Every structure is written in structure tokens, then in C-alpha cells.
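K.L.:
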Amino acid sequence: MRYQRTPRAGSATALVTLCGALFTVAANAADQQLDPIVVTATRQATRANELTSDVSVITREEINEAGQSTLEQLLSRQAGIQYTANGGPGTNSGVMIRGASSNQSIVLIDGQRIGSATTGSAALARIPLDQIERIEILRGPASSLYGADAIGGVIQIFTRQGEGPTRLNASTGYGTYGTTDTTVGVSGGTDLVSYSVQAGYLDTGGFSAVHNKSNISYNPDDDGYRNSNLSANFSVRPAAGQEIGVNLLASDGTNQYDSNDFSAVGADKNYTNDQLLESYSIYSRNRLNQVWTSTLRLGTSTDASKGYAGNIREYTIRTDMDQASWQNDIVLPIGEALLAVEYAKQKVSGSTDYTVTERTIRSLLGGWNANIEKHRLQFNLRRDDNSQFGEETTGSASYGYQFTPNWRAHLSYGTAFRAPTFNELYFPPSAFFSGGNPDLQPEQAKNTEVGANWERGNHRASLVLYNNDVTDLIEFRPPTYAPVNVSKALLRGATLTYDGRFSEWGAGVAVDFLDPKNEEDGPNKGNRLARRSEQQMSSYISRTLGNWDLRGEWQLVGNRYDDPANTNLLGGYGLVNLYADYRLQRDWTLFARANNIFDKYYETIDNYATAGANVFVGVRYAPR
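If you want it as C-alpha cells, here you go:
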């Protein structure tokens, strides 16, 4: 019998009570308005308190406090996001936004989409936190803004930027599992130019990916990971309202993993995966007159993997994606219009013999948003023409109302879809698989959302309820495991969040309730979708003491089923993390991060290990 733990009964009630207490205290706090946060949830620069959607932003300061966490782990501490991983750093992993699968969300880097056209997912494990300036998370269907696959939401990553006098920056540290991580960079900017170049290297000995000794893939050796990465941003502003720029991110890493090729030596082999992730783009943003701003962006992204069993190459797979977009923002007498044209070409290559190796997507997008006294409105309509499965039209409408200076609410409805991957469409047949299905249709989603936000001074709180009805889900059904459009799912839930400052103290909590139900007509109807927890909570408390910044985190995740039949239950878990930094001088900081300090053993995927108690200490030079 597997060892299982779940959070204590009544914990959800206690957390809600805690939130209520925090709101009461915050209501009596000094009314000092926070600086507005600018986000791109509408594809147009908008203040966070003017949005009619569920959005959060992870700042560079919060990324620094994450220490030696992975990007997936950092995201999983945000409201409405869960993650899975089959081993340590660099291994296959994914995040689920509001219960949607990892291939049902879009990842952008500096406005450009990345990901594999064969799996449908982006390699988040290969994106170093050191290269990230901020992260914006848009929850809920967003195909009307960003096209195919945005059923769960959009994760938009912005790389490091430069401003002010030329500055050198560096950080280095050492931690558990023989981990070393070093980053160096230079950045700066004037009214005419801005620039940033950052380079980093990570090396960790890791731990055995497969924990269960009875598993056929078990190999007790440590599965390490190393990664070299580079980001660069450069822009020129020759005149007011005119900007030309270049964005670049490259990450090249090798991870070891546990597997079995059913040969005589099986799991005793050393399995490795080399993966290259690249994103390059150029853009020209031009304010043509007082009401019209035009942005043209051209770019390409690459996701390429090579797998080895010992010294023998087992597979290669590569996705190249060329992209072009022309967006026009037009100020109207009432509100602002958005008109855009987009083009994308995806090409796959490698050792797998696909009958079709490329597809093109041509898109038209129109939108309008406005603030009219206390009313906020947003409408979007998009048409995608895919060379593989034809045309899809998606739309969204949302309405917000400012009841008082502190309270606002929103209501929205939107549709989305996910395009079938090359694996689902054209993967060749084998002894255990009948092959892809070229007749597949896109998955469809209809989402309704209602939310309320409260903000006063240094305190913010929100409550969001959502209902996402997903149909035509693609499923690999036995006995032939041919992919077919048969499944249905209902993703509904609620998220309650609070974040605030009390003088030298800070505190925050996010509580999620998720009901991810399988609605297909079959033996699994009514079951919980695999690897989704119905409850989770993330919280933190921080304190500034002179030159010290201290932070403690507590994360609770409920139990999950590892299989659609709901027969293999994975226990819930709780994690406690600590962070501290000490400012030696104005520009020098010592920092330390301790994750999972109580050495909790847990699994996000059956048989695959996660990191135990681990510590990372380092020094950071960042001129202010």
C-alpha cells in the first residue's frame, strides 16, 4: 500500500477565516496607494485595476526570492496553478492553469510564442529564472487574443531589461546536490537606447528520477542537469514614439533521466536528453499619430531535443516556428481598438517519420476596450485559418464595474480551442500504437467567470469563480490507443487571494478549490481528472529588519489520482520554505534559500521523486 497524506481536515475553513481576519486588519491600514502594475492581458498596456480578467504578475524581486527554485515550482506557488514533473531539474514537467493540461496553455517570451508542435507544450524546465525580468499570468481561455491552445490561460515571460547608467550585475551560489549557479550581465539605457545582456550557467548533481525500486526504469544513480543560457535585449528610440528593438533568449541544457528500452541492460543505461530552446525576434513600434500606434514583430523560435541511451542516439525531434504579427492600437472617441494580423509556420523534423511535417496559421484579430466612468468593457473576436484543420472563430466579452474606490467586480465569457499536435495527427504506428489520426478536430472550450476585487492602500484581495466546459477532448483509447475526439471535461472552481503590507511586515495567501471532472460517456465519467488536486493553498509572511529581509512560505496541496480511472491515489503534501538576504553594502547582498525544510517526500507523478530538503546560498551584486 502506498503511503498517503492529506492536509488536515478543516484546513480550508481555517484558511478562509485567516483571510477574513487579514481583510479586517487591512481595512484599518493607512490608505497609501500602490504603484499601478502594467500588464498585457489585453495585448495593450493596461493598469491592473482596470482589467476585467484574472491576472497576476511575478516581479524580479519575487524571482530573486525564489532562489534555486525551478520556473515550474515558482509558478505553482501562484493562485490557480499546479505542476507535475518526472524527476528533478531539467526533466519533463508541466503546469496546469485552472486544471487545464500543460498543452492547453500558451507560453510567450517577449511577446513571441514558444513550444513543441509535437507535444503541444513549452519546455518551462529549460527557462532559467535568472534570465527573467517579470512574468504575467492570464487565467482563463484566451484564444480570442492569442489563438490556438489558450484554454487554460497564457504565461507571458519577459526577459531582463536595461535602463539608467551602465551597470554590471552578477550572482553566484552553491547548494544541495552539488548545485552551482552563476549569472553575469551588463545593462543600461538612455532616452535613445537601452540594452541588457545576461549569461548564466547551472550545474547540479540532482537525485534519482525514479524513486520506486520495483519500477522497471529504476536506476539508483543521481540524475543531474546542466544548462548554459543567454538573453539579450537592445532597442533604439530615434524619435518620440518610435522604437526598434531585438529580443533574444537561448537555453541549452542536458539532463539525465531514468528509462528502459527493454533490452538486456534496461535501466542500467545512462539516459540523457539534450534540449535547445531559442527565441529570437525584432520589432518596430511606431506612433504614427496621436491616435494610432503600429507594432510589427518578426521572429522565430526553436525547440530541439536529442535523446541518448549511453552513447547511442535514440531519437531527435525539433520544432521550428516562424512568426510575424502586425498590431495596431487605435484611440477612439470612446475606448481603444485593437486590430492585428498574424502569421505562424510550424515545422517538425527529426527521427520520427511524420506524413505531414509543417503547417501554417493565418489569423485576424479585432478588439475594443473602454473605461466609461465606473464601467469597464472589453470585446475580442479572432479568426484562425490552420492549414491542417481549417478555420476557427473565437470570441470573448467582459464587463467590469467600480462600485466604490475600493471595490470592483467583473463578469466575462469566452471561447477557446486547442489544435491537435503533430503526434496526435501523424505519429507513425508501432507495435503498441495504431498511429495518429489525421481526422482529429480541435478541442473546444466555453468559459464563464465572475470575480470581485478589493484594494486599499498596500492591500489587495480577490475572489474569482469560474466554469470552463471543455468538449472534443483528444484521448488515446485502448486497445489500439488511437487518438479520438471523445472526451469531455468540466473545470470549475474558485480562487481566494490576499496580499498586503503592514509597515515592516508582509503577508499573502491564495486558496484554490478545483472540481476537475471527467464528463465523457464511458467508465471514467464523474471521475476526477488525473494529477489534479481539488484543494491547494500557498501563503507567505515576510519581515524587514534593518539590512535583513526574511520570508517564510507554506504550501499545501491535496491528494491527486495518477490515473483517469481514479485507482492510484497520490497523497497530499505540505511544504515549508524559508528565504533570507542581508545587504552587505548598497549593491551587495548575501542570500540563502531553504526549500522543503522538513524533508517531506511527495510525488507529483507516480514513482517519480521530488527534491528533499535542500539549501542554496549565494551572493548577488546588483547596483541600485
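Taken in order, the sequence shown gives residues -29 to -1, 1 to 595; the numbers are from mature numbering (1 follows the signal peptide of the UniProt record, and there is no 0). All residues carry an ideal CB built from backbone N, CA and C; glycine is no exception. All figures in this text were calculated on a predicted structure; none of them were measured in a lab.
1. Give the straight-line distance between the Cα atoms of A56 and A93, rounded to the nearest whole angstrom.
2. Using C-beta distances below 8 Å, list every residue in its chain close to D570, excluding the 5 sequence neighbours before and after it, in chain order.
3. Tell me whether the beta-carbon of L521 lies closer than 7 Å to the beta-carbon of Y532.
4. Is R18 buried or exposed, if buried means 16 or more other CB atoms sit within 10 Å of its CB?
5. Looking at C-alpha atoms only, which residue of T137, V125, A170 is the closest neighbour of D101?
6. Might you give, ordered along the chain, the residues of its own chain that have their beta carbon closer than 7 Å to the beta carbon of S47, omitting 5 neighbours on each side?
7. Quick check: what's the CA-CA separation for F(-7) versus S510?
8. Would you say S185 lies against chain D (beta-carbon separation less than 7 Å)?
9. Are the Cβ atoms of R333 and D356 separated by less than 7 Å?
10. So, does the stretch 32 to 39 touch the stretch 344 to 361, judging by three or more C-beta pairs under 8 Å?
11. For T365, which residues from the same chain have a beta carbon less than 7 Å from its beta carbon, with the 5 sequence-adjacent residues on both sides left out?
12. Work out the CA separation of G224 and D152 for me, nearest whole Å.
13. Taking only runs that begin and end inside the stretch 195 to 281, name each unbroken beta strand (DSSP E) of 3 or more residues, in chain order.
14. Would the stretch 471 to 487 count as touching the stretch 429 to 439 if we require 3 or more Cβ pairs under 8 Å?
15. Among all the DSSP beta bridges, which residues are the ones paired with Y314?
16. So what does DSSP say about F473, is it helix, strand or coil?
17. Does F350 come out as helix, strand or coil in the three-state DSSP assignment?
18. In chain order, what residues of the same chain lie with their CB nearer than 7 Å to the CB of N578, ignoring the 5 residues before and after it?
19. Could you give the residue range of the beta strand (DSSP E) that holds R84?
20. Cα separation between S199 and L173?
21. Which residue comes first and which comes last in the alpha helix (DSSP H) that contains K31?
22. When you compare each of S230, L546, V207 to D192 by their alpha carbons, which one comes out closest?
23. Using the three-state DSSP reduction, which class does G48 fall into: helix, strand or coil?
24. Consult DSSP for T17 and reduce its assignment to one of helix, strand or coil.
25. Give me, in chain order, the residues of the same chain whose beta-carbon lies closer than 6 Å to that of Q127; leave out the 5 immediate sequence neighbours on both sides.
26. Measuring only the C-alpha atoms, how far is S296 from N377?
27. Please report the residue range of the alpha helix (DSSP H) in which L163 lies.
28. Can we say the stretch 292 to 310 touches the stretch 268 to 275, given the rule of at least three CB pairs closer than 8 Å?
29. Which residue spans inside the stretch 551 to 578 form an unbroken alpha helix (DSSP H) run of at least 4?
30. Taking the alpha-carbon positions, what's the G156 to N140 distance?
31. Under three-state DSSP, which class holds E446?
32. Excluding the 5 residues preceding and the 5 following Q215 in the sequence, name in chain order all residues of the same chain whose CB lies nearer than 6 Å to its CB.
33. Can you name, in chain order, every residue of its own chain whose Cβ lies under 6 Å from the Cβ of S367, other than the five neighbours on each side?
34. Check this for me: beta carbons of V586 and G278, under 7 Å apart or not?
35. Under a Cβ-count criterion, where at least 16 other Cβ atoms within 10 Å of its own Cβ denotes burial, should F398 be classed as buried or exposed?
36. Can you tell me the Cα-Cα spacing of L248 and T273, whole angstroms?
P.N.:
Let me lay it out:
1. Within the sequence shown, numbered from 1, the residue matching residue 56 stands at position 85. Within the sequence shown, numbered from 1, the residue matching residue 93 stands at position 122. Roughly 13 Å separates the two Cα atoms.
2. Taking the first residue of the sequence shown as 1, we reach residue 570 at position 599. The answer, listed in chain order, is G583, A584.
3. Within the sequence shown, the letter at position 550 stands for residue 521. Within the sequence shown, the letter at position 561 stands for residue 532. Y532 is positioned such that its CB atom lies no closer than 7 Å to that of L521.
4. In the sequence shown, the residue the question calls residue 18 occupies position 47. With fewer than 16 Cβ atoms within 10 Å of its Cβ, R18 is classed as exposed.
5. Here residue 101 refers to the residue found at position 130 of the sequence shown. The shortest Cα separation from D101 among T137, V125, A170 belongs to A170.
6. Here residue 47 refers to the residue found at position 76 when the sequence shown is read from its first residue. Exclusion of the five residues before and after S47 leaves Q53, Y54, V66 as the residues of its chain whose Cβ lies within less than 7 Å of its Cβ.
7. Position 23 of the sequence shown, counted from the first residue, corresponds to residue -7. Position 539 of the sequence shown, counted from the first residue, corresponds to residue 510. With a pLDDT of 41 at F(-7), under the threshold of 50, the modelled position of this residue cannot be trusted; read the value that follows with caution. Between F(-7) and S510, the alpha-carbon positions lie close to 15 Å from each other.
8. Chain labels in this structure do not include chain D; a single protein chain is all it has.
9. Translated into positions along the sequence shown, residue 333 becomes position 362. Translated into positions along the sequence shown, residue 356 becomes position 385. Yes, the Cβ-Cβ distance between R333 and D356 is below 7 Å.
10. Because the criterion of three Cβ pairs below 8 Å is not met, the stretch 32 to 39 and the stretch 344 to 361 do not touch.
11. Translated into the one-based positions of the sequence shown, residue 365 becomes position 394. Here the set comprises S114, S115, R353, T386, A387, F388.
12. Indexing the sequence shown from 1 puts residue 152 at position 181. Indexing the sequence shown from 1 puts residue 224 at position 253. Their Cα atoms are separated by approximately 13 Å.
13. Taking only runs of at least 3 residues, the beta strand (DSSP E) segments lying wholly in the stretch 195 to 281 are 213 to 228, 242 to 258, 263 to 280.
14. The stretch 471 to 487 is in contact with the stretch 429 to 439.
15. The sequence position of residue 314 within the sequence shown is 343, counting from 1. According to DSSP, which records beta bridges pairwise, Y314 is partnered with A295, R333.
16. Residue numbering aside, residue 473 sits at position 502 when the sequence shown is read from its first letter. Collapsing the DSSP output to three states places F473 in a strand.
17. Sequence index remark: in the sequence shown, residue 350 carries index 379 (1-based). Note: F350 maps to strand in three-state DSSP.
18. Your numbering for residue 578 matches position 607 in the sequence shown. Only V181, H182, N183, N186 meet the Cβ criterion.
19. Within the sequence shown, the letter at position 113 stands for residue 84. Where R84 is concerned, the enclosing beta strand (DSSP E) stretches over 83 to 85.
20. Position 228 of the sequence shown, counted from the start, is the residue given in the question as residue 199. Position 202 of the sequence shown, counted from the start, is the residue given in the question as residue 173. Taking the straight line joining both Cα atoms gives about 7 Å.
21. Taking the first residue of the sequence shown as 1, we reach residue 31 at position 60. In the sequence as presented, Lys is not what sits at residue 31; that position holds Arg. Unbroken alpha helix (DSSP H) run through R31: 31 to 36.
22. Locating residue 192 in the sequence shown gives position 221, counting from the first residue. If you compare the alpha carbons of S230, L546, V207 with that of D192, the shortest gap goes to S230.
23. In the sequence shown, residue 48 corresponds to position 77, counting from 1. At residue 48 the sequence reads Arg, which differs from the Gly that was named. R48 carries a coil assignment under DSSP once its states are collapsed to helix, strand and coil.
24. For the purposes of this step, residue 17 is taken as the residue at position 46 of the sequence shown. The DSSP-derived three-state label of T17 is strand.
25. Within the sequence shown, residue 127 is the residue found at index 156, counting from 1. Here Q127 has L79, E107 as same chain residues with Cβ atoms under 6 Å from its own Cβ, once five neighbours each way along the sequence are excluded.
26. Sequence index remark: in the sequence shown, residue 296 carries index 325 (1-based). Sequence index remark: in the sequence shown, residue 377 carries index 406 (1-based). Using only the alpha carbons, I get a separation of about 38 Å.
27. Residue mapping note: residue 163 aligns to position 192 of the sequence shown, counting from 1. Neither: L163 is in no alpha helix (DSSP H) and is coded neither H nor E.
28. The answer is yes - the stretch 268 to 275 touches the stretch 292 to 310, with three or more Cβ pairs under 8 Å.
29. You should have found no qualifying run.
30. As a working note, residue 156 is residue 185 in the sequence shown. As a working note, residue 140 is residue 169 in the sequence shown. Rounded to whole angstroms, G156 and N140 show a C-alpha spacing of 5 Å.
31. Counting from one through the sequence shown, the residue named residue 446 turns up at place 475. Correct three-state label for E446: strand.
32. To locate residue 215, count along the sequence shown from 1; it is residue 244. The sequence shown places Ile at residue 215, not Gln. Answer for I215: V207, S255, listed in chain order.
33. Taking the first residue of the sequence shown as position 1, residue 367 is located at position 396. Answer for S367: S115, N351, G385, listed in chain order.
34. Position 615 of the sequence shown, counted from the start, is the residue given in the question as residue 586. Position 307 of the sequence shown, counted from the start, is the residue given in the question as residue 278. Not in contact: V586 and G278 (Cβ atoms no closer than 7 Å).
35. Here residue 398 refers to the residue found at position 427 of the sequence shown. With 16 or more other Cβ atoms inside 10 Å of its own Cβ, F398 counts as buried.
36. The residue labelled residue 248 in the question sits at position 277 within the sequence shown. The residue labelled residue 273 in the question sits at position 302 within the sequence shown. Within the model, the alpha-carbon separation for L248 versus T273 is close to 6 Å.
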